[in-house]
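Read the structure below first, then the notes.
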Amino acid sequence: MEIEFGSASGAVAATGTSALSVATRSGHTVGALVAAWLASFADSADTRAAYARDLREYLEWCARRRLDPLAARLPEVQMYGTELAAAPHPRTGRTPAAATRARKLAAISSWYTFLVRAGAIDANPARDAARPRYDRRHSTTTSVSERQAAAMVAVGGHREHRTLGRECAALIMALLIDLGVRVSELCHAELADLGQRDGMRVLTVRMKGGKVRTRAIPIQLAPLLDAYLAARPADGDRAALLVTRAGRRINRHQVFRLVQAVAAEAGVPMPRRITPHSMRHAFNTIARERGAPLEDRRDALGHSSAAITQLYDHVALSPTRDPAHLVAAATAVHTGRSTPTSTPRSAQATTRPD
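Heads up: the sequence shown is residues 112 to 465, going by the numbering used here.
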């Protein structure tokens, strides 16, 4: 069975044999209930799209086992979670991270909760399903150093790009790194979001959860922005800020591929681990090292709490700051072990900024 969830309007279609057309006791079809549930995430298109993928995978799993999703109970949901943990990603070959599996089970539970409230079923079978445990204070996102980020900006500034064009690609890399914007915020940005405030050029950024932030466009980015606007195709999407050479609004897949290609050309180790979200982490880390207060970084990134911003902080997580360097240097004095002439930064200072 192949199931496709439709547009942001909540339309749902299914091809092949599907349970989506089956009417429930509430009088609504399963497909209609899926559409209504997805429509409840109106504030975030990205959350809606992720939950749609998660539910589609679960419903297809049920179909392969000839299991009615409305008749599923806790053991079946638990079995799905177990199989999910062992299923390698078709592209990377890696099994899903614990946080990813927890999100997928949360999406299923959210849908079942909606069905209970709609009167389609009596109880949520996923409510008591065991969720993967993981350290919420640890981020698996691979970041880049200040030097690597600068190299990526430089590469992005002169690299020819067949689909995006050189000027568009250069501006994308600069906005990702120097402003720390999300890829979705870039893709949804409009020309009308450019403006001026307090004598500065600014960009209105529409964030997750309906938040809106006015971000300054640093003077160093002005030439990149002007070059792109001058080369921007006159035909095509007139509303979008960032468009391809063909005049179409950019999408997240194009940005993803651009970031990895630029990382590879800039000599960043393991470039396939670098994503647009890595640039957001780099923004936070560089800003902290340069003295930006936590409150300013949190506001710029649009985080709901300082704890989330600190999760992006790769200064505290840096191996160069591991106290092991200090201990090893101290014990080497007594054991006669050789000590490298270059000492990690953590071994040069006993304190670091909060």
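Positions of the beta carbon are idealized from the N, C-alpha and C atoms, including for glycine. If you're wondering where the values come from, they're calculated on a predicted model, not measured in any experiment.
Check                                                                                                                            : Outcome
Please report how far the alpha carbon of I328 lies from the alpha carbon of A342, in whole angstroms.                           : 19 Å
When burial is assigned at 16 or more other CB atoms within 10 Å of the CB, is E194 buried or exposed?                           : exposed
Between the alpha carbons of D239 and E400, how many angstroms are there, rounded?                                               : 43 Å
From A427 to N395, what distance separates their C-alpha atoms?                                                                  : For A427, the pLDDT reaches just 49, beneath the cut-off of 50, and the residue's location in the model is therefore unreliable, although a value from the coordinates is still provided. Cα to Cα, A427 sits roughly 12 Å from N395.
Taking DSSP as the reference, what is the three-state secondary structure of V370?                                               : helix
Bridge partners of M311, per DSSP?                                                                                               : R308
One question on the structure: do A268 and A281 come within less than 7 Å of each other, judged by their Cβ atoms?               : It should be noted that the sequence gives Gly, not Ala, for residue 268. Yes, the Cβ-Cβ distance between G268 and A281 is below 7 Å.
Looking at the strands, I want to know which residues DSSP matches up with V316.                                                 : R324
Assuming R212 is part of the alpha helix (DSSP H), what are its boundary residues?                                               : 209–228
Rounded to the nearest angstrom, how far is the Cβ of A183 from that of P243, given a contact under 8 Å?                         : About 19 Å separates the two Cβ atoms, so there is no contact after all.
Does DSSP put R360 in a helix, a strand or coil?                                                                                 : strand
Tell me the rounded alpha-carbon separation between Y169 and R383.                                                               : 28 Å
Does the segment 359–372 come close enough to the segment 288–301 that 3 or more CB-CB pairs lie under 8 Å?                      : yes
Alpha carbon to alpha carbon, how far is A372 from R391?                                                                         : 17 Å
Where are the alpha helix (DSSP H) runs, 4 residues long or more, that stay fully inside the segment 252–287, in chain order?    : 257–269, 277–285
With a 10 Å radius around its C-beta and 16 neighbouring C-beta atoms as the bar for buried, classify M311 as buried or exposed. : exposed
Check whether the Cβ atoms of I227 and A377 lie closer than 7 Å to each other.                                                   : It is Val, not Ile, that sits at residue 227 in the sequence shown. No, these two residues do not count as a Cβ contact at 7 Å.
With distance defined between alpha-carbon atoms, name the residue in G321, L314, A345 nearest to L332.                          : L314
Residues in its own chain within less than 8 Å of T140 by CB, not counting five upstream and five downstream?                    : L131, S132, V133, A134
Considering only the beta carbon of each residue, do I219 and L181 sit closer than 7 Å?                                          : no
Taking Cβ to Cβ, would you say R387 is nearer than 7 Å to L287?                                                                  : Looking at the sequence itself, residue 387 is Pro, so the reference to Arg does not match. Result yes, Cβ atoms of P387 and L287 sit closer than 7 Å.
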